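Take any residue in the sequence shown, note its place counting from 1, add 17, and you have its number in this note's numbering.
Taking it in order: structure first as C-alpha cells, then the write-up.
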Amino acid sequence: MDNNLIQWFLFRIAISSVFAIAFHIALLIRKPHKNQAQVSKKLVDAPDGLPILGHALAFSSDMAGFSSKLKKRFNGIPLRLRLMVMNVVYLTEPDHISSLFRRSGELTNGPYRKFVSSTFGVPKDFQKFFAADNTGLSRNPLPGTNVKPEHRVDYLMHTFIVQFMTGKSLKSLARRFTANMEDRLKTQSRAEGSETHDCLYDFVKVNMFHSSVTAMFGKQLFKIDPDFCDHFWRFEEGMPELAKSLPRFIYPKQYKARDVCLQTVRTWQRKLDEQRNRDPDAAYELSVKDYDDFFGSGIVKKRHLAFAKMEVMGVDARASEDLALLWGANSNATHAAFWLIRSIVRDAAVEQRFLTEIRSAKLASDNGDFIRYDLEALCALPFLQSLYAETLRLYVANIILRSPRKTDIPVGDWSIRQDEIVAVMSHPMHHDEAKFNTGSPQDPRPLSEFWAERFIVPQEMGKASQDQDGAKFSLKGTEGAWLPYGGGSNECPGRFFAKQEMLLTAALLIGNFEILLDGDSAEIDWRYFGTGVLGVKGKQPFRLRRRNSKTLFH
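What follows is the structure, given as C-alpha cells:
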C-alpha cells in the first residue's frame, strides 16, 4: 500500500551473513557531524546496546516487541538507536510525529530508494542517477538545486501516482477494477452446495491480482506469461529476504523468482515499444486515452513517456521500476483485503451487521443472480469504514524513515540534526491505549484484538459518516497514532484506491457467497514487519457457497 516501507539498512541488521558484518565493521570510523545545531534537550540513547552491533540484534530478533517496549518505557521521549553504524532517532509521541509530518517539505525519504534498489534489482547506474535528484516533491524545485525537469525522477513518479490515483482517473481505474472483479466472481460456485478451496488468501490474491493488474497495466502481461500471477506472488513471498541486500547465493530462490518477473516485464515493455515504433500515429492516439487493453492506463503511459526522456533509464532499470509499481499496487492491498474478509467472516455478529449495512449500497442486478454495489456508497458506510480502519490499525506494521534535507528540525523540546535519520513505527503507535478506543471497564476491548466497532463513536463526536442508527465513523483523536499510510506530503498516494479495493472485494465476496472457514490456521507472517501490511502465513481452507440473493435482500 504505501511508500512507507522499512528501508534497506534496517533489513541489513540481520547478521546471517559474515560478509554483511565485515562490511559494517569496516565502516565504523565516521567523520563527526559538522555544524551541529544546539538543541534544547539532548537525545536519550536507548539502553542495553551491544558493542558494535548496538541495538541491531535486539531489534532484528523481535521488531514488534522491541519497539513497543521502548515506547512504553520512555513514554514519548525521542530515543537514539544504534543499528550497527547507523544512528536512528525513534519517535513515539503522536504530537512529535504530527509535527514532523507537517514539515514534510523539509524532509527527504531518500532511503526508500535503497529499499527499491535492493528489492527490485535496480541497476547501480540508475541508482546514482536517482540519488542525484535532490529537488524534492514540490512542483517548484528546492532552492539551490540544478536538475533537468525531465530528470526529476522522484517528483515525476510521485506526481503521476497522485494524478492517476485521484479524481476522474481514480474513478475510471476503480470502475475497471470493479468490472474485472465482478466478472471473475460471477463464475464461482454456480452449482448448489459448496465448493471446497485450499486457502482463502490464495483465492483473494488471485482474483485481486488479475483484476488490479488488468485495470492498471492492460492485458498484455498475462498474454506474455499466462502464469504471471503465480510468478509474481512467488517473488512477493521472497521480498523480505531480497530487501536485505545480501548476496544471491544466500537467497537463490528469491533472486530466481525476481528474475522471472523482471524478464516478463522486459518482454512486455519491448512489445509496447515495438508497437509504438511500428505505428506511431496509432500509438499516439492510444497514449492520450485514459486506458486501452494494449498499453494500459494513463499512469503506465505517462511513466513510460517519462522513462524515454531519461538517458540513463535502460531496459533493466525500466523493468525494475515497473515491477516496483506492480508490487506497490498489489501486495499491501491484497494482504489487507484478506485480513479484512477473515475478520468479518470469523464473527457471525460482525458478518450479519456487515451484510445489513451493504444493503444500502446495492445496485440493481442484471439478472438477480449476482449482487453488485455502488463503490462510492460502500466507502462512505460507517461500519465498513470502521472495519477498514481497524484492519489497518491491527495489521499494518510499517517503518517510516525521514531525514532533514537542509536544516535541523525541531521536534518538541528536541531537535533532529540535518542528515540524521528519524524513524516512526506504526505498530507500537497503533497499540497506544491513550489514542484509541479500548472499550469500557464492563466491556474491555484490548488493542491486541480486532474490534469491529473501535472507530464507531457517539453521534455528537462523529463527522460525516452516519448510519441509520446514528452511529458514526471517526478517526478524531488518533492524529499522529493511526499511521497506515505514513503522513505529510509523502503519504501514500495510492491509499484511496487501496481502500476501494479492500471494501469492494469484501462486499462482492461476502455479499454473494457464504465463506465457511475450516479451522483457523492462517497466521501473521512477521517477516513483513516494516514493509506495510503484515503478510499471511499458513493455509486457510474454506468452503464457498452462493447466497440466495432474494432471501438476503428482501
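Yeah, the Cβ is synthetic: ideal placement off N, Cα and C, and Gly gets one too.
Remember, it's a predicted structure, so these values are computed and weren't measured experimentally.
Requested in this report: Grab me the residues of T213's own chain with a C-beta within less than 6 Å of its C-beta, minus the 5 sequence neighbours each way, in chain order.
Outcome: Correct list, in chain order: R560.
Query raised in the report: Between the segment 280 to 294 and the segment 327 to 339, do at least 3 Cβ pairs fall closer than 8 Å?
Result: They touch, by the three-pair rule.
Query raised in the report: Taking the Cβ atom as the reference point for each residue, do A381 and A394 lie within a distance shorter than 7 Å?
Result: In this structure, A394 does not lie closer than 7 Å to A381 by Cβ.
Report task. Would you please state the rounded distance, in angstroms, between the beta carbons of F472 and Q402? I believe it to be under 8 Å. Result -> With a contact defined as Cβ atoms closer than 8 Å, F472 and Q402 qualify at about 7 Å.
Query - Check whether C216 and Q459 have beta carbons under 7 Å apart - result: One thing to note: C216 has its Cβ no nearer than 7 Å to the Cβ of Q459.
Query raised in the report: In the DSSP assignment, what residue or residues form a beta bridge with K493?
Result: According to DSSP, residue pairing for K493 in a beta bridge does not occur.
Requested in this report: Give every residue of the same chain whose Cβ lies closer than 7 Å to the Cβ of L392, excluding the five residues on either side of it in the sequence, and list them in chain order.
Outcome: Within the same chain, L392 has close Cβ partners A191, T195, Q517 and L521.
Query raised in the report: Which residues in the same chain as F324 place their Cβ atom closer than 6 Å to its Cβ, once the five residues preceding and following it in sequence are excluded?
Result: Answer for F324: M330 and R335, listed in chain order.
Query raised in the report: Going by other Cβ atoms of all chains shown within 10 Å of its Cβ, with 16 needed for buried, is K59 buried or exposed?
Result: Looking at its Cβ environment, which holds fewer than 16 other Cβ atoms inside 10 Å, K59 is exposed.
Report task. Reducing DSSP to helix, strand and coil, say where R419 ends up. Result -> Of the three classes helix, strand and coil, the one that applies to R419 here is strand, per DSSP.
Query raised in the report: L464 by DSSP, collapsed to three states: which one?
Result: Here L464 sits in coil by DSSP.
Query - Reduced DSSP category for K59 - H, G, I as helix; E, B as strand; rest coil - result: Correct three-state label for K59: coil.
Requested in this report: Return the bridge partner residues of S211 from the DSSP annotation.
Outcome: In DSSP, S211 forms no bridge with anything.
**Report entry** the segment 523 to 539 in contact with the segment 216 to 229 per 3-pair CB rule at 8 Å
**Finding:** Short answer: they touch.
**Report entry** Buried versus exposed call for Y301 [16 or more other C-beta atoms within 10 Å across all chains shown]
**Finding:** Under this definition Y301 is an exposed residue.
Query raised in the report: For I69, is the beta carbon positioned less than 6 Å from some heavy atom of the ligand GDP?
Result: Of the ligands one can find in the structure shown there are none, so the ligand GDP has no counterpart to examine.
Query raised in the report: From S229 to W250, what distance separates their C-alpha atoms?
Result: In this structure, the CA atom of S229 is about 14 Å from the CA atom of W250.
Requested in this report: Determine the extent of the beta strand (DSSP E) in which D542 is found, giving its start and end residues.
Outcome: According to the DSSP assignment, D542 belongs to the beta strand (DSSP E) that extends over E540 to D542.
Query raised in the report: According to DSSP, which residues form a beta bridge with E531?
Result: R562, per the DSSP bridge assignment.
**Report entry** Option in L411, T548 and V102 with minimal Cα separation from F467
**Finding:** Nearest option by C-alpha distance: L411.
**Report entry** First through last residue of the alpha helix (DSSP H) which encompasses S360
**Finding:** Membership of S360 in the alpha helix (DSSP H) is indicated by the continuous run V332 to V362.
Query raised in the report: So K554 is in the beta strand (DSSP E); what residue range does that whole segment cover?
Result: First-last of the beta strand (DSSP E) with K554: G552 to K554.
Query raised in the report: Looking at H227 and V550, is the spacing between their C-beta atoms short of 7 Å?
Result: No.
**Report entry** Bridge partners - L16, DSSP secondary structure assignment
**Finding:** No information on residue 16 is available, as it lies outside the stretch 18 to 571 that the chain covers here.
Requested in this report: Return the first residue and the last residue of the beta strand (DSSP E) that P427 is part of.
Outcome: Start and end: I426 to V428.
Query raised in the report: Where does N157 land, buried or exposed, given buried means 16+ other C-beta within 10 angstroms?
Result: Exposed is the call here.
**Report entry** Three or more C-beta pairs below 8 Å linking the segment 447 to 461 and the segment 142 to 150
**Finding:** No, the segment 447 to 461 is not in contact with the segment 142 to 150.
Query raised in the report: Cα separation between I114 and T408?
Result: I114 and T408 have their C-alpha atoms roughly 21 Å apart.
Report task. Alpha carbon to alpha carbon, how far is N349 from L279? Give it in angstroms, no decimals. Result -> In a straight line, the C-alpha of L279 is about 20 Å away from that of N349.
Query - Buried or exposed by the 16-neighbour rule on C-beta atoms within 10 Å, applied to V495 - result: The question names Val, but residue 495 in the sequence shown is Thr. T495 should be labelled buried.
Query raised in the report: Secondary structure at R120, three-state DSSP: helix, strand or coil?
Result: Three-state DSSP puts R120 in coil, outside helix and strand.
Query - For A149, the first and last residue of its enclosing beta strand (DSSP E) - result: Looking at the DSSP string, A149 is not in any beta strand (DSSP E), and its letter there is neither H nor E.
Query - Residue range of the alpha helix (DSSP H) that includes I438 - result: Careful: I438 lies outside any alpha helix (DSSP H), inside the beta strand (DSSP E) at I438 to M442.
**Report entry** Neighbour-count burial assignment, T204, 16 or more Cβ in a 10 Å radius
**Finding:** That one is exposed.
Query - Three-way DSSP call (helix, strand, coil) for W431 in this model - result: Three-state result, W431: strand.
Query raised in the report: Hey, quick one: how far does the alpha helix (DSSP H) through P501 stretch, first residue to last?
Result: Careful: P501 lies outside any alpha helix (DSSP H) and carries neither H nor E.
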